[in-house]
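Student: When we follow our numbering, the leftmost residue of the sequence shown carries the number 17, and every step to the right adds one.
Idealized CB from N, CA, C, for every residue including glycine.
The structure presented is a predicted model; accordingly, all values stated were derived computationally and were not measured.
Supplied in C-alpha cells, the structure appears directly below.
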Amino acid sequence: MKPTLFLLAAGMGSRYGGLKQLDTLGPHGETIMDYSIYDAIKAGFGKIVWVIRKDFEEQFRAQVLAKYEGHVPCELCFQSLDALPEGFSVPAGREKPWGTNHAVLMGKDIIKEPFAVLNCDDFYDRDAFMVMGKFLSELPEGSKGKYAMVGFRVNNTLSDSGTVSRGICENDEQTHLLTSVVERTKVERRDGVVQYLDEDGQWVSIPDTTPVSMNFWGFTPDYFAHSEEYFKTFLSDPKNQENLKSEFFIPLMIDHLIKTGQATCEVLDTTSKWFGVTYPEDRPGVVEKFAKLAEEGQYPEKMF
C-alpha cells in the first residue's frame, strides 16, 4: 500500500502576514506545495490529504485541489478550536489553535495507511521525500509504534530575518533512534553561534550539526489512538487550561511515546537542505532559490 502525504495547512502564517501556502514563489507561478507534492509523487506517495480551516475551504478547493485532481487522489479535513474529546470544552478567551498534533488528529477518519506529516509551506527537497517514502513503504503490514522523522542539521534551517521554531533532537548514534525532542519556539544564530531560548529565559548554545525536526514525520495509523489519549492528559493539565496559548505539538507527543516505551522513532538521514518563508523578508531569497532549481533542470516547467 502506498503511503499518504498529510499536509498541515491550517495556519494563517501570522508572522508572514498572509496565506503563504498560496503564495506563488516559483518561476512559473509554483507554490511551495507544488514542489512538495511533485517530489512526494516521485517518491511513491499515493494520496494527498490536507488539514485546513473550514473558513477557507472554498478558496482552497478552487486554488489548490483543482490543480492536483487528476494527478493524485486528494482529500480534505478540517481543524477547529472546538474539535475536542468528549467532556472537554474550549477555555473562555481561548482563540489560538491547539497546535500541530491536534491538526494531525483531524485526519483519523480519513487516513488508514502509513503516512507522512509535514508543513505545506516549507521546502524539504527531494531526498527527504525519498528517504521517508522508502521507510513507510518498507514497513511490514500492520506495523505499530515504529515511526520516523527526517532529521535536518540546524544550521541549514535558520532564517536570516528572525527566530524560528525547531524541535531540538537527541538520538542514539548507533541505532539512529530518537531519544528526545523538545520544541524550542525561538532559535537563531547569535554572535555566530546557534542558540535557543529555554523555558527559564536563558539562551543555550548548540552545535551547527544538531539534528532538528522540521515537522516531517512518518507514522502508522495507530498514532491517532495514542494522540487522542494523550490529548486528554494535555487538556486536563491546569497549566494548559490557564495558558490560553498552550499547544499540543507533535514533538510533545513523540517525546511522551518514546519515554513511556510505547513507540520508537528513527531519525532518517538526508542530504536535503530545508528552506521556507517564515518572514516577508525571506521571500526574495526563496524566489531566487526556486529560480536556480529551475535553471538546473531539477523541476519541469509545468509540474501539474
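Report buried or exposed for Gly-234, applying the criterion of at least 16 other Cβ atoms within 10 angstroms of its Cβ.
Tutor: buried
Student: Applying the criterion that 16 or more other CB atoms from any shown protein chain within 10 Å of the CB defines a buried residue, is Lys-17 buried or exposed?
Tutor: Going by the sequence as given, residue 17 is Met instead of Lys. Exposed: under 16 other Cβ atoms inside 10 Å.
Student: CA-CA distance, Asn-171 and Thr-226?
Tutor: 8 Å
Student: Out of Gln-278, Phe-61, Gln-190, Pro-89, which one is the CA nearest neighbour of Phe-151?
Tutor: Phe-61
Student: Taking Cβ positions, are Leu-100 and Leu-251 nearer each other than 8 Å?
Tutor: yes
Student: Taking buried to mean at least 16 other C-beta atoms within 10 Å of its own C-beta, is His-87 buried or exposed?
Tutor: exposed
Student: Considering only C-alpha positions, which residue in the set Phe-145, Ala-164, Ser-52 is nearest to Ser-196?
Tutor: Residue nearest to Ser-196 within the set Phe-145, Ala-164, Ser-52 is Ala-164 (criterion: CA-CA distance).
Student: Using only the alpha-carbon positions, how far apart do Glu-186 and Phe-168 sit?
Tutor: 12 Å
Student: With contact counted as at least three CB pairs below 8 Å, one residue from each stretch, are the segment 210-224 and the segment 300-312 in contact?
Tutor: no
Student: Could you tell me if Ser-288 is buried or exposed, where buried requires 16 or more neighbouring beta carbons within 10 angstroms of its beta carbon?
Tutor: The residue in question, Ser-288, is buried, as its Cβ has 16 or more Cβ neighbours within 10 Å.
Student: Let me check one thing: in DSSP terms, what residues is Val-65 bridge-paired to?
Tutor: Phe-22, Glu-91
Student: Quick check on DSSP: helix, strand or coil for Met-146?
Tutor: helix
Student: Considering only their Cβ atoms, is the gap separating Phe-139 from Tyr-51 smaller than 8 Å?
Tutor: For the pair Tyr-51 and Phe-139, the CB atoms are nearer than the 8 Å cut-off.
Student: Assuming Lys-160 and Asp-238 are in contact, meaning their beta carbons sit under 8 Å apart, how far apart are those beta carbons, in whole angstroms?
Tutor: 4 Å
Student: What are the partner residues of Asp-138, as DSSP defines its beta bridges?
Tutor: Gly-292
Student: Rounded C-beta distance between Ala-26 and Val-65? I'm assuming under 8 Å.
Tutor: About 12 Å; that fails the 8 Å criterion.
Student: So, with DSSP's three-state summary, where would you put Ile-222?
Tutor: coil
Student: Could you spell out the range, first to last residue, of the alpha helix (DSSP H) harbouring Leu-251?
Tutor: Unbroken alpha helix (DSSP H) run through Leu-251: 238-252.
Student: Could you work out which residue in Glu-312, Lys-162, Cys-281, Gln-257 is closest to Ser-105 when comparing CA atoms only?
Tutor: Gln-257
Student: I believe Phe-264 touches His-118 by the beta-carbon criterion, under 8 Å. Please report the beta-carbon distance rounded to the nearest angstrom.
Tutor: 5 Å
Student: Would you check if the distance between the CB atom of Leu-284 and the CB atom of Val-203 is smaller than 8 Å?
Tutor: no
Student: Can you say whether Lys-322 is buried or exposed, counting buried as having 16 or more other CB atoms within 10 angstroms of its CB?
Tutor: There is no way to answer for residue 322, as the model of the chain reaches only from 17 to 320.
Student: Based on Cα-Cα distance, which residue from Asp-39, Ser-262, Gly-158, Pro-254 lies nearest to Lys-112?
Tutor: Ser-262
Student: Reducing DSSP to helix, strand and coil, say where Ala-56 ends up.
Tutor: helix
Student: I need the DSSP call for Arg-110, collapsed to helix, strand or coil.
Tutor: Correct three-state label for Arg-110: coil.
Student: Only counting the same chain, and skipping five residues up and downstream in sequence, which positions put a Cβ closer than 6 Å to that of Leu-97?
Tutor: Val-106
Student: Going straight from the alpha carbon of Gly-149 to that of Ala-56, what length do you get?
Tutor: Note on geometry: alpha-carbon atoms of Gly-149 and Ala-56 lie some 8 Å from one another.
Student: Can you tell me which of the three DSSP states Gly-167 falls into?
Tutor: strand
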